[in-house]
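Each remark here refers to the structure printed beneath this line.
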Amino acid sequence: MAELHFFTGTMDSGKSTLALQTNHNHAARGRVGRIFTTHDRAGQAMVSSRLGLTHDALEVDGDFDFWKYVVDTLTRGGRIDYLICDEAQFYTAAQIDQLAKVVDELQIDVFAFGILTDFRTQLFAGSARLVELADRMNVLQVEALCWCGKRATHNARTENGVMVLEGDVIMVGDVEQPDEAPADVAYEVLCRQHHRRRLTAARAKAVSLAPEPLPFG
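Note that the numbering used here has the sequence shown beginning at 307, numbered continuously upward.
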């Protein structure tokens, strides 16, 4: 029986790497699949991991219909055994419903990969629907780490080096590197405590370099 799988974790937990590995494993056994993504950091129609792996993909925009695509492909004599769906947090709830229909009506496996919550700590629409519908939900075991060394559970967005909690939900940016100048829009993983305090790695470093207060006599 085909299943709808949802693999989730914060940034840096290896979701895209696992998506590409999953595709490789199935293709190596003679299965034929399709890879989908949207808003990947590498640009349109591309799945990329932070380890440097890349693969061509089909870009999913807001009007894309998974059910129609799969049925049209099969009608024309094409073969599809499974779907790899990266950045699934950005899919609409309706598109997740379409994926579930593909699984149930056509017996095609779907492997979806995505982040649960946005930079405001609120569920993405696509991820929320996947939690509701998935046959299997898997939290990735590769733990991303906050700058303090604790397990990172939240994704933070910075604009010109300042952490923000308001703005467009979908905004692609570079991944913040502690030793580099901040990008205009960047992302960083933090533990809950430091996300609540808006204490990014750059801000923590700046605070630690501040002069010590003078002792009182």
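The C-beta atom is built at its ideal place from N, Cα and C for all residues, glycine as well.
Between the alpha carbons of Lys321 and Leu446 lies a distance of about 8 Å.
Here Gly368 has Thr398 as same chain residues with Cβ atoms under 8 Å from its own Cβ, once five neighbours each way along the sequence are excluded. Secondary structure at Leu310: strand, using DSSP grouped into helix, strand and coil. Bounds of the alpha helix (DSSP H) holding Asn329 are 321-334. Secondary structure at Ser354: strand, using DSSP grouped into helix, strand and coil.
Around the beta carbon of Thr316, a 10 Å sphere encloses 16 or more other beta carbons of the protein chains shown; the residue is thus reported as buried. Under the three-state reduction of DSSP, Ala418 is assigned to strand. Contact between the region 330-342 and the region 433-446 is not established, with fewer than three Cβ pairs separated by less than 8 Å. Exposure of Asn466 is indicated by the presence of fewer than 16 other C-beta atoms within 10 angstroms of its C-beta.
Only buried fits Arg463, as 16 or more other CB atoms lie within 10 angstroms of its CB.
Tyr397 carries a coil assignment under DSSP once its states are collapsed to helix, strand and coil. Around the beta carbon of Thr379, fewer than 16 other beta carbons lie within 10 angstroms, which makes this residue exposed.
DSSP places Ala458 outside both helix and strand once states are collapsed to three, so it counts as coil.
According to DSSP, Tyr388 shares a beta bridge with Gly339, Asp415.
Under the criterion of beta carbons closer than 8 Å, Gly432 and Phe396 qualify as touching, at roughly 6 Å.
Residue range 491-496 is occupied by the beta strand (DSSP E) that includes Glu494.
Residue state for Val366 is assigned as coil, using DSSP reduced to three classes. Each of Met469, Val491, Gly473, Ala394 was checked against the Cα of Ala510, and the nearest Cα belongs to Met469. At the C-beta level, His345 and Val416 stay beyond 8 Å of one another. The beta carbon of Ala450 sits closer than 8 Å to those of Gly315, Thr316, Met317, Asp318, Ser319, Arg457, Ala458, Val495, all from its chain and outside the five residues before and after it, given in chain order.
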